[in-house]
Amino acid sequence: MSITLVVKLKVEDQAKFEASFANRASARVAVGLEAKAYRDMDDSNYVVVIGTAPSKEVFFGFMTSPEQQEALKTATVQGPPDVTFLEG
Numbered sequence: 000m001s002i003t004l005v006v007k008l009k010v011e012d013q014a015k016f017e018a019s020f021a022n023r024a025s026a027r028v029a030v031g032l033e034a035k036a037y038r039d040m041d042d043s044n045y046v047v048v049i050g051t052a053p054s055k056e057v058f059f060g061f062m063t064s065p066e067q068q069e070a071l072k073t074a075t076v077q078g079p080p081d082v083t084f085l086e087g
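Under numbering that gives the first Met the number 0, the first residue of the sequence shown is numbered 0, with each subsequent residue one higher.
Here it is, written out as structure tokens:
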């Protein structure tokens, strides 16, 4: 059973985030992650990603991979993401 996740990120450059997020689509699919990014309407420096993952372990494995860590830098993500896991 998959889990739902909500990830809030602060970004410095929205366009760089969108490009990096799009470039990592196949990497997300390869590990079973589905995600869609939304821009915060009240503060364009924030992005909320809502998606599903096979498990928390798969999500953390993906997020801590060297490739994803580099992608987060390229995406101008500022600080650690705020992650909420949901089940139901």
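C-beta: ideal position from N, C-alpha, C; glycine also.
| query | result |
| --- | --- |
| First through last residue of the alpha helix (DSSP H) which encompasses V28 | 24-29 |
| Other residues of its chain near Q13: CB distance less than 7 angstroms, five sequence neighbours each side excluded | R38, S43 |
| For T75 and V46, the rounded distance between their alpha carbons | 11 angstroms |
| Backbone secondary structure at E69 - three-state DSSP | helix |
| G60: first and last residue of the uninterrupted beta strand (DSSP E) it sits in | Where G60 is concerned, there is no enclosing beta strand (DSSP E), although the alpha helix (DSSP H) it sits in stretches over 55-62. |
| Beta strand (DSSP E) segment containing V6, residue limits | 2-9 |
| Segment limits, beta strand (DSSP E) that includes G78 | That residue, G78, is in no beta strand (DSSP E); it is neither H nor E in DSSP. |
| Whole-number beta carbon distance between L32 and F59, since they are thought to touch under 8 angstroms | Actually they do not touch by this definition, with Cβ atoms about 11 angstroms apart. |
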